[in-house]
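For reference, the structure is listed below as structure tokens.
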Amino acid sequence: MNLVLLGPPGGGKGTQAKRLQDKYGLVQLSTGDMLRAAVAAGSEVGKKAKAVMDAGQLVSDEIVIAIIDERLDQPDVAKGAIFDGFPRTVAQAEALDAMMGRKGKKLDFAIEIQVPDAYIVERITGRYTCAKCGAGYHDKFQLPKVAGQCDSCGGTEFSRRPDDNVDTVTKRLDAYHAQTAPLLPYYDKKGALKLVDGTMDIADVTKALEGILDAAK
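Quick note: to get my numbering, add 10 to the position in the sequence shown (first position is 1).
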């Protein structure tokens, strides 16, 4: 089974992909990870990607598809893949479909984890971590048991990522919507699009995703 997992930054894709990977034996394929692995391996397509990245340019869709093509031939992907971060455009989606078709494979689902922008902004801008041990907290959803003191190590200093601010998060969301909006009707027309409410508890989101996958067996 092969699926594309769509969702806004901070929407929980990574968490859910890991859970699906563990239960179904699927492999989460992140284009960034695959690019780095191909470059490190020194494969032919990896060398092309390295040359482009060393020149400070964006890796072309052709190279990314070639890296995915190479990765799908590896034995650990036999049960299927979860595509994370790709495709981002309709052209990429069409190229992915064509490449998988040549391999006798298909994309079973494109699942969007839907989370309202206001919820994402609140979720991301409220995050902070213990400066000593890295334990994560949130202004609203996960406060320390004792105010100002880390539950894990007792540390009293905390930090926030500089890009976890309203302006940066809003720009990332705008970019996501601009890229993803055309993908939804593309996959809907193919009958592959499924929508899941990402504002539910993590376990409930997982259950909804498992329901989609189990129904297809």
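Ideal placement from N, C-alpha and C gives every residue a C-beta, glycine not left out.
Every alpha helix (DSSP H) of 4 residues or more that sits fully in the region 136 to 224 is shown, in chain order, as 176 to 190, 193 to 199.
Restricting attention to Ala157, Pro18, Thr139, Pro97, the CA atom closest to the CA of Tyr129 is found in Pro18. Rounded to whole angstroms, the gap between the alpha carbons of Thr209 and Tyr138 is 20 angstroms.
Considering only Glu104, Gln38, Leu13, the residue with the shortest C-alpha distance to Gly24 is Gln38. Linking Met110 to Ser169 through their CA atoms gives a straight-line distance of about 44 angstroms. Cβ-Cβ separation between Ala120 and Leu45: approximately 22 angstroms, too far for a contact (criterion under 8 angstroms). The alpha-carbon separation between Glu132 and Gly114 amounts to approximately 43 angstroms. Residues of the same chain with a CB within less than 6 angstroms of the CB of Arg29, apart from the 5 flanking positions on each side, are Thr216 in chain order. The criterion of a C-beta distance shorter than 7 angstroms is satisfied by Leu193 and Ala103. Taken through DSSP and simplified to helix, strand or coil, Val14 comes out as strand. Look at Val37 here: in three-state DSSP terms it is strand.
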